Every structure is written in C-alpha cells, then in structure tokens.
Amino acid sequence: MTTVTTASRIPIDGPIETPWKLPYRGNIGMACLILAESAIFIIFVVAYIYYIGKSLSGPTPAQVLELPIFGTICLLSSSFFVHHAVTSLRKENFRACTLHLAATVLLGTIFLITTAREWYHLIHDEGLTIKTNLFGSTYYSLVGLHATHVVVGLIMLSLTLAFSLAGKIKEEHSEKLEVLSLYWHFVDAVWVVVFLVVYVIGR
Amino acid sequence: MTTTPVLEAIDETLETQGKPPVNVIYEWLTTVDHKKIGLMYIVYALIFLVVAGFEAILMRIQLAIPNNHFVSPQVFNQLFTMHGTTMVFFMGMPILFGMGNYLVPLMIGARDMAFPRLNAFSFWISAFAGILLYFSYFGASGLYAAGSAPDVGWFAYAPLTSKVFSPGHSTDYWTLAVFLSGVGSIGTALNIVTTIICMRCKGMKMSRMPLLPWLYLVMSGLVFVAVSPLTAAQVMLTLDRYLGAHFFDTQAGGSAILWMHFFWIFGHPEVYVLVLPAFAFANEVIPVFSRKAMFGYPAMVAASVAIGFISLSVWAHHMFTVGMGPAGNTFFVFATMVISVPTGIKIFNWLATIWGGKIIFAVPMMFMVGFLFQFLIAGLTGIMLSAAPFDWQLSASYFVVAHFHYVLVGAIVFSLFGAFYYWYPKVTGKMMSDTLGKWHFWLFLIGFHLTFDFMHVPGLLGMPRRIYTYEAGRGWDTLNFIVGVGAIFQAAGTLVLVYNMIHSYYKGKEAGHDPWDAWTLEWSVPSPPPSYNFAIEPTVNSRRPLWDLKHPEDPDSDYE
Ligand code: HEM
Ligand SMILES: [Cu+2]
Chain A
184 MTTVTTASRI
194 PIDGPIETPW
204 KLPYRGNIGM
214 ACLILAESAI
224 FIIFVVAYIY
234 YIGKSLSGPT
244 PAQVLELPIF
254 GTICLLSSSF
264 FVHHAVTSLR
274 KENFRACTLH
284 LAATVLLGTI
294 FLITTAREWY
304 HLIHDEGLTI
314 KTNLFGSTYY
324 SLVGLHATHV
334 VVGLIMLSLT
344 LAFSLAGKIK
354 EEHSEKLEVL
364 SLYWHFVDAV
374 WVVVFLVVYV
384 IGR
Chain B
702 MTTTPVLEAI
712 DETLETQGKP
722 PVNVIYEWLT
732 TVDHKKIGLM
742 YIVYALIFLV
752 VAGFEAILMR
762 IQLAIPNNHF
772 VSPQVFNQLF
782 TMHGTTMVFF
792 MGMPILFGMG
802 NYLVPLMIGA
812 RDMAFPRLNA
822 FSFWISAFAG
832 ILLYFSYFGA
842 SGLYAAGSAP
852 DVGWFAYAPL
862 TSKVFSPGHS
872 TDYWTLAVFL
882 SGVGSIGTAL
892 NIVTTIICMR
902 CKGMKMSRMP
912 LLPWLYLVMS
922 GLVFVAVSPL
932 TAAQVMLTLD
942 RYLGAHFFDT
952 QAGGSAILWM
962 HFFWIFGHPE
972 VYVLVLPAFA
982 FANEVIPVFS
992 RKAMFGYPAM
1002 VAASVAIGFI
1012 SLSVWAHHMF
1022 TVGMGPAGNT
1032 FFVFATMVIS
1042 VPTGIKIFNW
1052 LATIWGGKII
1062 FAVPMMFMVG
1072 FLFQFLIAGL
1082 TGIMLSAAPF
1092 DWQLSASYFV
1102 VAHFHYVLVG
1112 AIVFSLFGAF
1122 YYWYPKVTGK
1132 MMSDTLGKWH
1142 FWLFLIGFHL
1152 TFDFMHVPGL
1162 LGMPRRIYTY
1172 EAGRGWDTLN
1182 FIVGVGAIFQ
1192 AAGTLVLVYN
1202 MIHSYYKGKE
1212 AGHDPWDAWT
1222 LEWSVPSPPP
1232 SYNFAIEPTV
1242 NSRRPLWDLK
1252 HPEDPDSDYE
C-alpha cells in the first residue's frame, strides 16, 4: 500500500506518560492578536500622553470634552452579556444565547452612537478636526482606532446573532464564540484605558 | 489496515503526484500547504536579495573612486533607501518566515500550520507590499515618471517625510509597503506561535521540542511587540501626510524625536527578529555535523528568551547623539551591554558542542563556522558602539555601517546559506553540488571580509555614511576601492549559489530521506515531504527521536 512510503518511521503508538491535550488554537491565536493589538494601542496612548498640553493653539480638551459616562456604562456592561451568551450556549440554552447576543449588539451600538454624537458636536460646534492642533490629531486617532475595533466587533457579533436567530448555532460552536468574546472583552478593556487617558488625565 | 479520511487523502495526493498536475500555476496561486507557501516566500525573498544586492553594487561602484558621477545624489539617496528597506522587509523577514513555515510543522510533527488560509493571506500581502514598493519607481511622482522611488532612508526620520520635504508620493509608497509587510508579518507570527503551542505531536513537551521551533516562538513573540509599534507609527505618518495631522510636524508642536523612538522601538528588536532564526539554524546544523547532542539545551532556551526580553529595552542606543541627557544615556548603555551575557552563553554552548566532537566539514558546517566567527566580531564592535562617548564619535559614520553589516551579512546571511545547503536535500530530494558549494563559500567569505573589514577604517577616519561622493586625498580612496571589489566577490558567490540550486535540482544526486544522518522529525519523512507530511502522526519520547530509532540500545530518553 502506498501509505507505507509516506509513513514516518517513528513508532506510532509509543508509550507516553500523560494524556496528550493541547490548548485550543482559536484561543491562542486570539491571545497573539490581542498582544499585537495592545502594542499598537500602547503606541497611540503614548503619543497621546506625550502631547498632552503641547498644542500650540486651541481648543483644549478641558474646553470641549465631556465625560462619556453613559456610553461607557453601556460598553462595559456589554462584556457581561457576551460572557453569558457563551455560557448559555455551553448549556445548550439557545434562546438565552440569542438574547444575550442581541443585548451585546444593542449596547455596543449605543456606545458607537454616543461616540458619533460626540464627534459631530466636536467637529460641528467646536470646530475641532484632526488638522486643528495636536490635541485633535491624537484625540481622533486614538478614539477612532478604538471605535474601529468596536465596529469590527459589532460586525462579527451581528453575524453571529443572525446565525443564532436562524438556529444555526449549536453547542459545538461555543469554543468559537468564546474566541469572539475574548476579542470583545479586549475592546472593552482598551476603552477603560482610553477613558482614563483621554477624559480623566487628559483634561 | 484501517483507513482514515486523512490517509485516504494522502493516498489520493500520492496517486496524483506521478501525473502532471492539471494546472501548476493555479495550484501554486491557491495553495494553503505550508511547504509550498514557505517555498514561495523563499523564492520571492531571493528575487529581492538579488535586486537589493544589485542596488548595493551600484552604490559601491559610485563610491569606488572619489568625485565619481556614476549616479546623481538623488539616485544615491533612493538607492540606499531602497536597499535598506528591501533587505530588511522584503529579503530578511520573508526568507526567515519562509524557512519557518517550511520547517516548523515538520519538526514538531504536525501536518500543517494552525491557520493555513491565514498563512496564504500573510504571504500574498507581503508579496504585494514588496511589489508596491518597487512600483514606486514607476508611479510615485506623476504617471510613470520613472526614478521617483522613496529617498528618505529606511528609518524615514521626521521631518524628512513631511509634505514639504518629500512632495509627491514616494514616501507614501514606502509607508504603505512597510505597513502591509507589517500586517503580513504579524499574521505569520501569530500562525507560528499557535502552531507551536497547539499542534505538537504526541509526547513533544516544550522541554523536548527542537531548538528551532523554540527560537521561532521567541522571534514571533518579538514580532508582536516590535512590528506592531512600527505599524502604528506608519498609520500616524499617513494621517500626517494625508489628513494634515501633526504627530511629527515640528511646526505645530509635534516631535521628530518621538518618531525616532517609535522607529527604534521597532528597529532594534527587529535585529533580533532577524538574528534569532539565524541562531535557530546554527542550533540544528552544528550538533549534527559535530555528531554530538546540543550542549546546554535548557541554557540555550533560557538565553533566547532573555535576549527577547532585553532587546526590548535597548532601542535608544540608536539615539545617543540626539541628546537624551545623562540618565537616559546611562540606562541604555548598560541595558545594551547586558545583552552580551545571554549572547555569550550561546556562543559558549556552540563552542562546547563543537569541542571534542567528530566534526564533519561539509558545506553547511563551513557556513556555520563562518557565522560563529563573524557574529563574535560583530558583537565586539557592538560593545564598542554601546559606549555612548564612542558612539558620539562614530555614529553616522561608515564604522556603524560596517558593524551592522557584520551582523546582517556575517551572521544572518551566513547562517541562512548554511541552512540552505542543509535542508535543500529535504526540500528537493536532491543533493547540492559540494564543489560549487565550496566555491560559493570561499568567494563569499573573501568578499565579505574585503568589504566589511575594510569598511571600518574609513569610518574611523571620519567618512560619513549616506554621502554620494567624496574628495580625493583624504585617505579613503584605496579603502573604498577594496570595499567595492569585495562587494563584487559577494555578488559572484551569490550567483554561484543560485546556479547551484537550479543545477542540482535537475542534475543533483538523489538525497534519500536522511542524507546527513540527522536526528529531528523532518528527516523521518520522504524528501520532498508529501502533502500532510506525516501519514501517521508520530509520537516522540526524547529530544532526538531519530537517534532513539537508530540507536535503540542507547536512547536519549534515558538521559532526560
Ligand atoms: C551583501 C553585500 C552588501 C553590501 C555591499 C551592502 C552595502 C551597503 C551600502 C553601501 C549601504 C549604504 C550605506 C550608507 O551610505 O549609509 C548600505 C546600507 C544598508 N544596508 Fe547594506 N549591503 C549589503 C547587504 C545587506 C544586507 C544583507 C542587509 C540586511 C539584511 C543590509 C541592510 C542595510 C541597511 C539596513 C542599510 C541602511 C540603509 C540606510 O542607511 O538607509 N545590507 N548597505
Ligand atoms: Cu540596536
């Protein structure tokens, strides 16, 4: 038989000490992605901190920024819901999974809307754009980078929600959903940093 | 025998292997096989090696005699920018990723990478990035106005890259190309880490894994924390150039120094991203050709991990002349010197492996000895430069150029060439010609020392780098001429290699599956390895599974 020529000459069933189980690759892959993304965010955060108060012209953060408390609460609580979506899927409670997913998408969207309104206000009423001064450059790039991540997460979550509504999500997908939830937790954690740097220290 | 779906798939591929495939081009373009992707990386990197080498030769012709007018100052600026960028991003990284792609799954007993489609994506996006960079020669200023390649240096210091100093689009091509190559690198690094952690065959504990995958693991970790900052900085630069942001715009309070920090936070660890795989090749070749197990395996792993961490804290030794103040300078002087400790451990372990071994001087081993020797010298000039006052004198002189080429060519390229000769039989099933290999080695060795030994001297005599020509009578003329001759020797050596690879593919003698009597898993499968590598997933019980198989009376597992 041809397989013989391809067979490695290493014993197939040699004795091994412990049962052989390796981590799930989705989780490791996502951990790597999060590491790389954290490095990207750190660079933007460093630039933001480095340039605080160095703008040569106005407006300054203290003049135009307000604490986005409502949006923050929405975003952070969505982490809780996505977590429960995963656990209910594990327990094969598909209805609960769908509901929790829907809540996550809803809260994420509300957060995005608050950011959009803030930007509209800043651009339209305060005349602050990325060109205006260093504050504008660093503010829009850092908050914008985070918002981009929210958008990407929302797209993936909405797709999952759509599959879930169509009844196509089964218990065996829970590992994959967990990977997605890891990403979403990361996006939330980054927001905590952005919030502290931009709205608390920066003002 | 019972057949599983995988075995059937392998039978099928074996059956089709004899016949001419339906459409070879289509098959390569759409492949997700780690071996094919690895080979495509290597071929693409070799093309860029020839291109960037050609650029180096043009620079050396220009500098061979004083007051030369072979190329204009503008063209010279483009030449060193393109040469540096190409060598680092489109030769060094891809060729090492290619080797990793090919070897890592085979050495850990896996059938493929963890994410085969991501693997193909990463390859194609980096290949596209390289083409984009060279497209700038046609498209960067106006429609197909030739000769408008980037000219801001591979470090692209601000404010050289601002719209005022760099009008047109050449810098945008540079940023985009580097950005995309970064995306590809991060994708591949993610794939390598996941493969190593999640796909090892039964019994291959981390403490039993060959050193090559270990070093690729550390290297990939560095890619996450080093290449990502560069990618972020490219986004900022693009925002500056396209949307009028002010990150690096000194007129609006922005800082040029911040760019330097961001660049070197990438730039220094990048050296280790390139050199760790070179260590990895040495770790595989030296023991086999000394007929001894690697000396100090745990120390080697620890030293590599330590190098990875320390290399993250030394970037500003590239910025001593900026004026960081005494505290900053002192910190970076000492951090830099600390690196020599784990590096020293490695060198001692290699020497201890060779010591008392039955050394076989085949071509791969010759290159590895060259690697060891030259890496040592590069380390010594590196320690000299890490003393801030010394660096103040010689920064931006040819001494620095000579030093980093000792690392990049003397260590990395030598080790890489050794690896080529070592694994070529596995990849093609044919042996490379030994005679041609020796010609390659000696031509390249002589050329290397002519070029880069002599290059230190004009540096010490005050010749700055990045000048397109110089006056006669400063004591630099003869030296520069010798340097140029050496470059030609190296080019000749490289062409011998390319000829050898093509010639041996058709005329070489059959290699068999284990021509070097080696010990790691890749030598247990036929050459070239079939799709899915292992018909039956192996189980290992020691660091050198093939040794155990060949010497059942004295297995490695007894010693662990
Ligand atoms: C093999 C023969 C090689 C020769 C003769 C050569 C020659 C040169 C020359 C003449 C320069 C310009 C120095 C200056 O004016 O500042 C240069 C710069 C550089 N080379 Fe090479 N090189 C070679 C190989 C390599 C390799 C293999 C790499 C990397 C893997 C490399 C990376 C660089 C870099 C990063 C620069 C700096 C570019 C800049 O200053 O913008 N070179 N090389
Ligand atoms: Cu460095």
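Those protein sequences? They're chains A and B, same order as listed.
Letter by letter, the first sequence follows residues 184 to 386 of the working numbering.
Letter by letter, the second sequence follows residues 702 to 1261 of the working numbering.
Quick reminder that beta carbons are idealized off the backbone N, C-alpha and C, glycines included.
Keep in mind the model is a prediction, meaning the values are calculated, not measured.
Using a Cβ-Cβ distance under 9 Å, would residue i count as near chain B?
| i | result |
| --- | --- |
| A:Ile306 | no |
| A:Thr243 | no |
| A:Thr238 | The amino acid at residue 238 of chain A is misidentified as Thr; the sequence shows Ser. Chain B, which has a Cβ nearer than 9 Å to the Cβ of A:Ser238, makes this yes. |
| A:Phe369 | no |
| A:Cys215 | yes |
| A:Thr189 | In this prediction, A:Thr189 has a pLDDT of 38, which is less than 50 and means its spatial position is unreliable; what the coordinates show is noted afterwards. Cβ-Cβ to chain B under 9 Å: yes for A:Thr189. |
| A:Arg208 | yes |
| A:Ile252 | no |
| A:Ile303 | As written in the sequence, residue 303 of chain A is Tyr, which differs from the Ile given in the question. No, its Cβ sits nowhere closer than 9 Å to a Cβ of chain B. |
| A:Asn387 | Nothing can be reported for residue 387 of chain A: it is not among the residues displayed for chain A, which extend from 184 to 386. |
| A:Thr186 | Residue placement at A:Thr186 is flagged as unreliable, the pLDDT there being 34, under the threshold of 50; a coordinate-derived value is accordingly withheld. |
| A:Gly319 | yes |
| A:Glu275 | no |
| A:Tyr323 | yes |
| A:Phe346 | no |
| A:Leu205 | yes |
| A:Tyr234 | yes |
Between the beta-carbon of residue i and the beta-carbon of residue j, is there less than 9 Å?
| i | j | result |
| --- | --- | --- |
| B:Tyr803 | B:Gly739 | yes |
| B:Val986 | B:Pro911 | no |
| B:Gly801 | B:Pro978 | yes |
| B:Met961 | B:Val1023 | yes |
| B:Val924 | B:Thr889 | yes |
| B:Ser849 | B:Ser837 | yes |
| A:Ser357 | A:Leu272 | yes |
| A:His368 | A:Ser260 | no |
| B:Ile1113 | B:Val976 | yes |
| B:Asp1215 | B:Pro767 | no |
| B:Cys899 | A:Leu205 | yes |
| B:Lys1139 | B:Ala1212 | no |
| B:Trp965 | B:Phe1021 | no |
Does any C-beta atom of chain A lie closer than 9 Å to the C-beta of residue i?
| i | result |
| --- | --- |
| B:Lys903 | yes |
| B:Pro706 | Residue placement at B:Pro706 is poorly supported in this model, since its pLDDT is 46, which falls under 50; the coordinates still yield a value, given next. Not one chain A Cβ lies under 9 Å of B:Pro706. |
| B:Pro806 | no |
| B:Ile738 | no |
| B:Thr895 | yes |
| B:Ile966 | yes |
| B:Ser921 | yes |
| B:Ile642 | No information on residue 642 of chain B is available, as it lies outside the stretch 702 to 1261 that chain B covers here. |
| B:Leu868 | Just to set this straight, residue 868 of chain B is Pro in the shown sequence, not Leu. With 9 Å as the cut-off, B:Pro868 does not count as an interface residue toward chain A. |
| B:Phe925 | yes |
| B:Ala1028 | no |
| B:Asp941 | yes |
| B:Pro930 | yes |
| B:Val936 | yes |
| B:Ser1098 | no |
| B:Phe948 | yes |
| B:Ile898 | yes |
| B:Asp1257 | no |
Within the continuous alpha helix (DSSP H) that includes residue i, where are the two ends?
| i | result |
| --- | --- |
| A:Leu295 | 277-307 |
| B:Glu971 | 957-991 |
| B:Asp734 | Per DSSP, B:Asp734 belongs to no alpha helix (DSSP H) and is neither H nor E. |
| B:Gln775 | 774-786 |
| A:Arg208 | 208-233 |
| B:Lys1251 | 1246-1251 |
| B:Lys1208 | 1178-1208 |
| B:Met1001 | 998-1011 |
| B:Thr767 | According to the sequence as given, residue 767 of chain B is Pro; it is not Thr. Taken as a continuous stretch (DSSP letters only), B:Pro767 belongs to no alpha helix (DSSP H), as it is neither H nor E. |
| B:Trp1220 | Counting along the chain, B:Trp1220 falls outside any alpha helix (DSSP H), and DSSP gives it neither H nor E. |
Legend entry - Unbroken stretches of the alpha helix (DSSP H), 4 residues or longer, contained in the region 1126-1165 of chain B: Counting only runs of 4 or more, we get 1135-1161.
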